Amino acid sequence: SKDMGRNSYRVHDERISEKALNKVLLETKLRVALLKDEFHVYYQPKVNIRSGKIVGMEALVRWIDSEGRIISPAEFIPIAEETGLIQKIGDIVLKRACMQTKAMADEGYDLCVSVNLSARQFEDMNLIEKIEEALNQANLESKYLELEITDNTIMNTLDTSIEIIKKIRKRGIKVSLDDFGTGYSSLNYLVQMPIDILKIDKVFIDKKFDAKKQRIILESVISLAKKMDLKVIAEGVERLQQLDFLKSQGCDEFQGYYFSRPLPIEEFKRLLNYNRNI
Ligand code: C2E
Ligand code: CA
Ligand code: CA
Ligand code: CA
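Take any residue in the sequence shown, note its place counting from 1, add 165, and you have its number in UniProt numbering.
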């Protein structure tokens, strides 16, 4: 039994070191990817639920490696957050999103861009300066920028977070609470956070659990948001029935595969142009 104990320790150790090794490998790859400029921004349209017009877009990062493989953020954001590399990646996304939104504004498209903020970025003492720098460099008006935060972003530092959000909004940038309804203490955040937009998480749109309960939750969340004078947007809309229901409840905007997947900028512009002409 002594031996078995030692063996199981060894197995345990190997697992840890394999995990640690993978982490180091991925971190190195991410550093190289940064040097090689392999991070790109895709855009998913935000659509006004009544007019069907594109009114904005969410910037979503993609890592496209030297072989053209697209690596999803779910695979590298956690490590990027752990290692702090998310700050560099986040800067790139913010700057590029501002530039590309300005270019679209110059072409006559009045679109807001929303950028996801991770906890690390939110803790960065220079966050406000970085945001201003991105806006200035792009010569983009702040009213075109929205920042999406989640309970992950704000978990540890509620009071500080509230102060940062206030500073951001004072500069005319809108803040949206992403993934609403999942994670930790959403209602508490809703009460305390001075936000502009509530984004209902896609788990409540998905038909995974009881359809009747789901409808009740959606109705309630939308009506709650409206009573609090928040704009409400639903993500993960894949089917017409979902869209119809959200519309009937007074949801303002939606995102989802039903309308479009996140697209590279050129394809996004083609979609915009088509959307403008219908
Ligand atoms: P999120 O902010 O909640 O973004 C929504 C995710 O849902 C995106 O996944 C999007 O592609 C996906 N999605 C959109 N419509 C549908 C739909 O109809 N059905 C389904 N099943 N999925 C849909 P993506 O692009 O893989 O991003 C995953 C997560 O990675 C994001 O979740 C966000 O938390 C994070 N992320 C992405 N880009 C950035 C970034 O630039 N910075 C930071 N900090 N995080 C990012
Ligand atoms: Ca988001
Ligand atoms: Ca979300
Ligand atoms: Ca999410």
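Where is the CB? At the ideal position from N, CA and C, for every residue including glycine. Being a predicted model, the structure only gives us computed values, none of them experimental.
Candidates the options: which alpha carbon is nearest residue i's?
i: E232; options: D275, K201 and I319; result: K201
i: R334; options: L276, S307 and E183; result: S307
i: L195; options: A270, D289, Q252 and N301; result: Q252
Considering only heavy atoms of ligand 2, does any lie closer than 7 Å to the CB of residue i?
i: E313; result: yes
i: N281; result: yes
i: E418; result: no
i: E223; result: yes
Indicate, with yes or no, if ligand 3 has a heavy atom lying under 7 Å from the CB of residue i.
i: D366; result: yes
i: D275; result: no
i: D343; result: yes
i: E400; result: yes
Measure the CB-CB distance between residue i and residue j and report whether it falls below 8 Å.
i: I329; j: F287; result: yes
i: I254; j: V280; result: no
i: K267; j: I293; result: no
i: Y208; j: A224; result: yes
i: I398; j: F419; result: yes
Where does residue i fall in DSSP's three states?
i: V402; result: coil
i: C319; result: The sequence given here places Ile at residue 319; Cys does not occur at that position. Helix at I319.
i: P429; result: strand
i: C416; result: coil
i: M393; result: coil
i: S182; result: helix
i: I251; result: helix
Does ligand 1 have even one heavy atom less than 7 Å from the beta-carbon of residue i?
i: A422; result: A small fix is needed here, since residue 422 is Tyr in this sequence, not Ala. Y422 Cβ: within cutoff of ligand 1.
i: S237; result: yes
i: G255; result: yes
i: I381; result: no
i: E403; result: yes
I think residue i touches residue j, with their Cβ atoms under 8 Å apart; what is that distance to the nearest whole Å?
i: D361; j: V340; result: 6 Å
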